[in-house]
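A.B. asks: When you read off a place in the sequence shown, starting at 1, and then add 85, the result is the number in the numbering used here. Just so it is clear, CB atoms sit at the ideal spot from N, CA and C, and this is done for glycine as well. Just so we're clear, the structure is a prediction, and the values are computed from it rather than from any experiment. Here it is, the structure in full.
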Amino acid sequence: MPAVLSLLRIKNLALVEELEWQMTPGFVAVTGETGAGKSIIIGALQLLLGERADKSLIRTGADLCTVEAVFTGRDLQKLNPELVEAGIEPCEDDLIIKRSFSAAGGTRQFINGSPTTLSILKKLGDELVDLHGPHDHQSLLSPETQLSLLDSFARAEEELEEYRKHYRQLQALLAEHAALDTAETAREQELDLVRHQVAEINSANLVADEEEEIEKRYKLASSSKRLIELASAIANKLSEADDSVLSQLSETQRLLRELEKIDSSIAHLSSAHTASVVELSEIARALSAYAERLDLDPQQLASLEQRVSLFETLKRKYGGSIADVIAFGERAAERMRKIEGRDVELERLAKEIENIRKHMNRAGEALRKLRAKAAPKLSENIRRNLRDLGFRQSEFEAKLIPLDEPRPNGFDSVELLFSPNPGEPLKSLRAIASSGEISRLMLAIKSALAAHDAIPLLVFDEIDTNVGGEIAHAVGAKMQTLGRDHQVIWTSIARGGSLNRPYLIAVKGNYFITDPSGSTVLPKISFSTWASPA
């Protein structure tokens, strides 16, 4: 089933002590007077979408604020690949997002119980919620946003990605060609440098796993004098000195044998003593042999020391490990071959550039055709929605403009043009001053894109500002229509002290009233169902 926001929990946010709201699919309207707490709901959603957490939002007297949302639906499983890649538990039918921040300044966020980063939370939120406030229509003024809207309507995602792939390849090849096609002096200087680097690394005859073995041998060799002293001293104490341990033990062994002749029951002690003497003799011989092996040639020690020093020098220049140094040498050798074979490489790159450019041009033309076909349809669709929203004689055009040079998003830009009244010329959206006009225009655009938009939850915060009467009724009806394909949450100010907005009564849906109950400090926000006429 399509995903929906099924549960929102808020604790200690602004004036709210505790709120738990179970939501239904489709269209949900939240209305109330200014100060009733509607903005707290929007603020909670913004926090869950990765907005900055300001500790001043924590309710007075509390130390910790938490917000939590549960999204439900089988469609959520399409998010599992990116969740797994981020080390997060995948979804079945529920996705749980939680965020908390404290008065001390710490903030934590979780997805399905797994700790995550704000960037991952924001990226996921962009796929779940599209939130529009009174000032969010500013995004419509961006040329990139306008082009993205047209591409979404044209279902051109695959064609756009195909074009972008070839565009990135072309830019990389052009950069490589330019780097190789430098001035002759600079080329010779670079060639001298890479030749030196390759020669220095090659002359070291490096092996990736030899560093550990060489350092182990060097450590042993550099300590050999002390090791010989210690081993020889122990061997001397055991067997070579006049009062050595073994010479003393020979006397105790003689006494034990004499004792055994008198009392045979201590024979096992005599045997154990004999075995100990044998073991100590073996230890003394082994230490003597060990000391002889450590008597290394000073030249060998110097050689090991030079090798270790060489490793450190190369690592300082070319990488943190011998493996990194070897990899650097391989890249430098490849670069040297390219510079030495500059003309051949330039010719190869030129052919590859031409080939990729052809692929990019084909992809760009395919993308342009989709846009050119979709632009009039999008324009007409938005014009119909604008008429429904009170602009009965307005004009709207999504104008496709060819670019002089290819850009990352294709060969075209698009400009959305609007004329609210007959006789007025079409103007860029940037020339529209009325927030009421552009808010309704944004609603018309979202309505046109509803069937093409995969984002499950649309949130409109006071988008009906500065409208009333029949137009307000049309806004409510359009919201309800959007609710057929999406879950829609709409917050709206009740004016004149009345919560009974005419255009809310006139359409079917789920309505909730935020009720401050005459209290200036809200310990809680309570929601009551507002029955809608059939």
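What is the DSSP secondary structure of N290, reduced to helix, strand or coil?
C.D. replies: N290 falls in the coil class under three-state DSSP.
A.B. asks: With distance defined between alpha-carbon atoms, name the residue in P87, R370, L216 and V279 nearest to I126.
C.D. replies: I126 has its Cα closest to that of L216, out of P87, R370, L216 and V279.
A.B. asks: For L98, I'd like the list of residues in its chain whose CB is within less than 7 Å of its CB, leaving aside the five on either flank, ordered along the chain.
C.D. replies: Counting only Cβ-Cβ distances below 7 Å, and skipping sequence neighbours, we find I125, G128, A129, L142, R144, C150 and V152.
A.B. asks: How close, in whole Å, do the beta carbons of V393 and E300 come, if the pair is a contact with beta carbons under 8 Å?
C.D. replies: V393 to E300, Cβ: 6 Å. Contact.
A.B. asks: Going by C-alpha to C-alpha distance, which of D546, E500, L528 and I530 sits closest to A516?
C.D. replies: Residue E500 is the option with its Cα nearest to A516.
A.B. asks: Where in the region 139 to 171 do unbroken runs of the alpha helix (DSSP H), each at least 4 residues long, occur, reported from the N-terminal end onward?
C.D. replies: Listed in chain order, the complete alpha helix (DSSP H) runs (minimum 4 residues) inside the region 139 to 171 are 165 to 170.
A.B. asks: Below 8 Å on the Cβ atoms is my guess for L514 versus L226; work out the distance and round it to an integer in Å.
C.D. replies: Indeed, because the Cβ distance is near 6 Å, the residues count as touching under 8 Å.
A.B. asks: By DSSP's criteria, R492 is part of a beta bridge. Which residues make up the other side?
C.D. replies: Its beta-bridge partners are G495.
A.B. asks: Name the one or two DSSP bridge partners that T576 has.
C.D. replies: T576 is bridged to V115 and D546.
A.B. asks: Rank V169, E212 and A188 by C-alpha distance to the C-alpha of S199 and give the top, closest one.
C.D. replies: Comparing Cα positions, the closest option is V169.
A.B. asks: What is the DSSP secondary structure of A483, reduced to helix, strand or coil?
C.D. replies: In the structure shown, A483 sits in a strand (DSSP, three-state: E or B).
A.B. asks: Looking at the secondary structure, which residues open and close the alpha helix (DSSP H) in which I438 lies?
C.D. replies: Start and end: R427 to D473.
A.B. asks: If you draw a straight line from the C-alpha of Q162 to the C-alpha of V89, how long is it?
C.D. replies: Distance between the alpha carbons of Q162 and V89 is about 13 Å.
A.B. asks: In angstroms with no decimal places, state the Cα-to-Cα distance between A357 and I351.
C.D. replies: Near 10 Å, if we compare the C-alpha coordinates of I351 and A357.
A.B. asks: Apart from the five residues on each side of it in sequence, which residues of its chain come closer than 8 Å, Cβ to Cβ, to L54?
C.D. replies: No information on residue 54 is available, as it lies outside the stretch 86 to 619 that the chain covers here.
A.B. asks: Helix, strand or coil for H217? Go by DSSP, reduced to three states.
C.D. replies: H217 falls in the strand class under three-state DSSP.
A.B. asks: Does DSSP classify D600 as helix, strand or coil?
C.D. replies: Low per-residue confidence applies at D600: pLDDT is 40, beneath 50, and the placement is therefore not dependable, though the value from the model is reported in the following sentence. Reduced to three states, the DSSP call for D600 is strand.
A.B. asks: Rounded to whole angstroms, what is the Cα-Cα separation between S349 and R342?
C.D. replies: Cα to Cα, S349 sits roughly 9 Å from R342.
A.B. asks: Considering just the uninterrupted stretch of the alpha helix (DSSP H) at I126, what are its terminal residues?
C.D. replies: Looking at the DSSP string, the run of the alpha helix (DSSP H) that includes I126 is K123 to L133.
A.B. asks: Below 7 Å between beta carbons: does that hold for A535 and L474?
C.D. replies: No, the pair does not count as a contact, with Cβ atoms beyond the cut-off.
A.B. asks: Between R569, H281, K304 and P507, which has its C-alpha nearest Q391's C-alpha?
C.D. replies: Of the candidates R569, H281, K304 and P507, the one whose C-alpha sits nearest the C-alpha of Q391 is K304.
A.B. asks: Please determine, among E242, L134, A408 and A318, the residue with the shortest C-alpha to C-alpha distance to I286.
C.D. replies: Of E242, L134, A408 and A318, the residue nearest in Cα terms is A408.
A.B. asks: Report all residues from its chain with a CB closer than 7 Å to the CB of G581; omit the five preceding and five following residues, and keep chain order.
C.D. replies: With a pLDDT of 44 at G581, under the threshold of 50, the modelled position of this residue cannot be trusted; read the value that follows with caution. Correct list: empty, nothing qualifies.
A.B. asks: Closest to E509 by C-alpha separation, out of L278, H251, E377 and S479, would be which residue?
C.D. replies: Checking every option, the nearest Cα to that of E509 belongs to S479.
A.B. asks: Taking I424 and R272 to be in contact with their CB atoms under 8 Å, please state how far apart those CB atoms are, rounded to whole angstroms.
C.D. replies: About 6 Å separates the two Cβ atoms, so the contact holds.
A.B. asks: Please classify I486: is it buried, with 16 or more other beta-carbons within 10 angstroms of its beta-carbon, or exposed?
C.D. replies: Classification for I486: exposed.
A.B. asks: Just to confirm my understanding: we take K436, look at its own chain, exclude 5 residues before and 5 after, and list those with CB closer than 8 Å. What are they?
C.D. replies: Around K436: no qualifying Cβ.
A.B. asks: Which class does T192 belong to by DSSP, given the choice of helix, strand or coil?
C.D. replies: Three-state result, T192: strand.
A.B. asks: Return the first residue and the last residue of the beta strand (DSSP E) that Q107 is part of.
C.D. replies: Counting along the chain, the beta strand (DSSP E) containing Q107 begins and ends at V101 to Q107.
A.B. asks: Any idea what DSSP makes of R137, helix, strand or coil?
C.D. replies: In the structure shown, R137 sits in coil (DSSP, three-state: anything other than H, G, I, E or B).
A.B. asks: Does the distance from the CB of L133 to the CB of I182 come in under 7 Å?
C.D. replies: Going by C-beta atoms, L133 is nearer than 7 Å to I182.
A.B. asks: Which whole-angstrom value describes the C-beta separation of P110 and Q565, a residue pair presumed to lie in contact below a C-beta threshold of 8 Å?
C.D. replies: Contact doesn't hold; Cβ gap of about 13 Å is too wide.
A.B. asks: Leaving out five residues before and five after P87 in sequence, what residues of the same chain have Cβ atoms less than 7 Å from its Cβ?
C.D. replies: Excluding residues within five positions, the ones whose Cβ falls inside 7 Å are G158, D160 and P541.
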